[in-house]
Amino acid sequence: MTKHVVVIGGGIAGLSAAEALSRTQAFGRGELQVELLDSRHQTGGRAGSFVEPTTGQTVDYCQHVAMGCCTTLLDLLQRLELLSQFQRYEELTFYHPQHGFSRFRPSPWLPPPLHLASSLSSLKHLTGSNRRQIRSALWRLMRIQESDLIDVTALEWLQANGQSEDTRTKFWDVILVSALGDVPQRVSMAAARKVMIDGFAGARNASDVWVPKRPLSEIFGESFREPLSRRGVRFELGDAVRGMRWDEGSERWIIERSSGESRTADHVVVATPWHVSRRWFPDLWGKQAGLTPSEKEDWELPFASSPITGIHLWLDRSLTPLPHVVMVGTLAQWFFQEPIEQAEQSSRAEGVYHQVVISGRHAGSDWPKEKLVAEVVRELSQAFPESGTPQIRKSRVVTDPHAVFCVSPTTQGCRPESKTSRPGLHLAGDAVATGWPATMEGAAISGQMAAKSVVESLGQQVENEGIEVPVGLKRGWLARRLIR
Numbered sequence: 001m002t003k004h005v006v007v008i009g010g011g012i013a014g015l016s017a018a019e020a021l022s023r024t025q026a027f028g029r030g031e032l033q034v035e036l037l038d039s040r041h042q043t044g045g046r047a048g049s050f051v052e053p054t055t056g057q058t059v060d061y062c063q064h065v066a067m068g069c070c071t072t073l074l075d076l077l078q079r080l081e082l083l084s085q086f087q088r089y090e091e092l093t094f095y096h097p098q099h100g101f102s103r104f105r106p107s108p109w110l111p112p113p114l115h116l117a118s119s120l121s122s123l124k125h126l127t128g129s130n131r132r133q134i135r136s137a138l139w140r141l142m143r144i145q146e147s148d149l150i151d152v153t154a155l156e157w158l159q160a161n162g163q164s165e166d167t168r169t170k171f172w173d174v175i176l177v178s179a180l181g182d183v184p185q186r187v188s189m190a191a192a193r194k195v196m197i198d199g200f201a202g203a204r205n206a207s208d209v210w211v212p213k214r215p216l217s218e219i220f221g222e223s224f225r226e227p228l229s230r231r232g233v234r235f236e237l238g239d240a241v242r243g244m245r246w247d248e249g250s251e252r253w254i255i256e257r258s259s260g261e262s263r264t265a266d267h268v269v270v271a272t273p274w275h276v277s278r279r280w281f282p283d284l285w286g287k288q289a290g291l292t293p294s295e296k297e298d299w300e301l302p303f304a305s306s307p308i309t310g311i312h313l314w315l316d317r318s319l320t321p322l323p324h325v326v327m328v329g330t331l332a333q334w335f336f337q338e339p340i341e342q343a344e345q346s347s348r349a350e351g352v353y354h355q356v357v358i359s360g361r362h363a364g365s366d367w368p369k370e371k372l373v374a375e376v377v378r379e380l381s382q383a384f385p386e387s388g389t390p391q392i393r394k395s396r397v398v399t400d401p402h403a404v405f406c407v408s409p410t411t412q413g414c415r416p417e418s419k420t421s422r423p424g425l426h427l428a429g430d431a432v433a434t435g436w437p438a439t440m441e442g443a444a445i446s447g448q449m450a451a452k453s454v455v456e457s458l459g460q461q462v463e464n465e466g467i468e469v470p471v472g473l474k475r476g477w478l479a480r481r482l483i484r
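FYI, the numbering for the sequence shown is 1 to 484, going by the UniProt record's numbering.
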């Protein structure tokens with residue numbers, strides 16, 4: 001008998017779940033039907049884009065990047081022949097107002113984690129004392145496991161392990177705020193260790209940066225859906241799910257949509273953002289049973305959101321040939337030049353497109369947008385004086401208050417598994433207990449986990465159904481000996 005699986009949510013998590021299920025032998029034999037529902041007319045979720053009306057240009061709400069350690073996401077894109085839509089960079093450029101530009105490129109000759117030694121030495125804004133403190137902390141992180149760091153904040157651990165305020169500001173804050181979307185005072189050190197070990201120290205090419213060459217709405221929209229549709233996955237877009245309930249008589253889920261239509265399903269993968277799925281199934285998130293009445297009133301707090309701001313600038317000139325720059329000691333955190341393939345299609349009369357990204361709450365969070373734009377452009381003019389003073393043709397500030405969930409110590413213990421206690425109900429999304437912070441990689445992993453949960457519920461052997469268990473980049477001989 002054919003089982004009907006409905007995936008609710010067309011973000012990366014839902015797309016990953018649908019793709020994984022469509023590769024199973026059960027799907028190939030016609031024993032599974034997979035349908036994906038989303039309230040929007042486009043898939044991609046938070047990895048989306050908008051059309052600027054005056055220029056007609058499609059730009060991303062906020063620049064997304066992947067790293068070489070994001071193997072589940074990169075493999076997913078490779079299977080669908082979409083990896084070519086990303087540009088790989090093995091080198092990062094850092095900028096500091098007092099020290100200029102520095103290249104960060106791990107050694108191609110030394111084995112990980114020693115391959116980072118020369119990279120740290122090349123960062124001009126770090127003093128000898130900064131570098132010694134960083135190396136000492138990295139060594140201690142390699143010798144401790146993530147499970148021992150869940151209940152401590154990054155700031156607490158860094159302070160306890162000899163990291164001065166100057167070192168934290170120049171190095172740790174720069175990396176962690178960009179990667180985790182929040183300040184070290186709030187994030188778990190376990191999540192910080194994940195970034196530093198898996199993203200830098202653990203393997204060669206882990207710190208490679210993959211930047212989209214096309215708008216995210218194209219990559220995770222039609223380009224992603226088309227091969228899944230050819231396999232037989234159905235997409236129903238533009239009609240929100242307003243609720244769902246389990247029918248004991250038919251032993252199926254009934255899914256109600258805003259249009260008045262309904263769907264029935266044997267299995268449901270809920271791949272909506274955490275703040276949506278928590279409203280539907282609050283008992284599945286956190287340790288609700290042990291909470292006092294006053295604590296239950298604050299049940300949203302463990303999953304507080306962190307904002308990310310994208311500042312979109314159309315200037316009268318290109319500021320630099322560099323594709324992207326990590327900004328240190330400035331309000332701006334990441335600077336991106338317009339990808340080449342988009343630049344060729346842009347109307348230069350409307351200006352040259354640049355984007356600045358600022359993660360978390362920051363000094364300018366409450367400023368008027370005009371003041372925020374002016375300050376960022378001033379910083380860019382100081383960083384790239386050879387280009388002259390740019391004129392702003394157009395600007396737009398886009399802030400998503402729910403861009404990522406805050407990976408606080410409390411959150412880490414409340415993240416649910418994909419397999420739930422309810423029949424036929426499975427969870428996906430970057431807030432699921434993947435071991436990763438709020439990233440595209442975490443979302444992709446969660447989709448695989450949800451597909452695995454569905455297959456196991458059907459009594460099938462996962463290893464025979466083509467669903468891989470994410471293992472990450474393979475560590476070299478030295479890293480395997482040094483990193484616990």
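Glycine included, C-beta positions come from ideal geometry on N, C-alpha and C.
All values derive from a computational prediction rather than experimental measurement.
Check                                                                                              : Outcome
8 Å Cβ cutoff met for W246 and P423                                                                : yes
Exposure of Q78, with buried meaning 16 or more beta-carbon neighbours within 10 Å                 : exposed
Top-ranked residue by Cα proximity to T167, from P106, T43, Q185, A137                             : A137
Distance, N161 Cα to S217 Cα                                                                       : 43 Å
Range of the contiguous beta strand (DSSP E) that encloses F336                                    : 334-337
Burial state of H41 (16 or more Cβ within 10 Å)                                                    : exposed
Meets three-Cβ-pair contact criterion under 8 Å: the segment 60-77 and the segment 202-211         : yes
Counted within 10 angstroms of its Cβ, other Cβ atoms place G11 as buried (16 or more) or exposed  : buried
C-beta contact flag for P108 and S119 at 8 Å                                                       : no
N-terminal and C-terminal residue of the alpha helix (DSSP H) that L275 is part of                 : Reading the sequence as shown, one finds His at residue 275 and not Leu. Note, H275: alpha helix (DSSP H), 274-280.
Beta-ladder partner(s) of A433, from DSSP                                                          : Beta-bridge pairing links A433 to no other residue.
Same chain only: Cβ atoms within 7 Å of G100, ignoring 5 sequence neighbours per side              : K124
Coarse secondary structure for P227, derived from DSSP in three states                             : helix
Euclidean distance between Cα positions of A154 and K3                                             : 45 Å
Within 8 Å, strictly: CB atoms of I150 and Q391                                                    : no
Distance CB(A403)-CB(I308) smaller than 8 Å                                                        : yes
Length at least 4, wholly inside the segment 204-253: the alpha helix (DSSP H) runs in chain order : 216-219, 222-231
Whole-angstrom distance between T71 and L473, CA atom to CA atom                                   : 7 Å
The segment 313-332 contacting the segment 352-365, beta-carbon criterion three pairs below 8 Å    : yes
Secondary structure of I181, DSSP reduced to three states                                          : The sequence shown places Gly at residue 181, not Ile. Looking at G181 - three-state DSSP - the assignment turns out to be coil, as it is neither helix nor strand.
Strand pairing of T71, partner residues [DSSP]                                                     : According to DSSP, which records beta bridges pairwise, T71 is partnered with nothing at all.
Residue from R378, G28, M327 whose Cα sits closest to the Cα of S359                               : M327
Start and end residues, alpha helix (DSSP H) containing T58                                        : Looking at the DSSP string, T58 is not in any alpha helix (DSSP H); the run it does join, the beta strand (DSSP E), is 57-60.
Continuous alpha helix (DSSP H) stretch holding R409: start and end                                : Looking at the sequence shown, residue 409 is not Arg but Pro. Per DSSP, P409 belongs to the alpha helix (DSSP H) from 409-412.
Cutoff 8 Å; reference W436; Cβ partners in own chain excluding five residues on either side        : K194, D430, G442, I445
Member of A240, L313, G238 whose CA lies at the smallest distance from the CA of R396              : L313
Limits of the beta strand (DSSP E) - the one that A403 falls within                                : 392-405
CB of A18 within 8 Å of CB of V177, strictly                                                       : no
Inter-residue Cα distance where the pair is R252 and Q33                                           : 14 Å
Burial state of R481 (16 or more Cβ within 10 Å)                                                   : exposed
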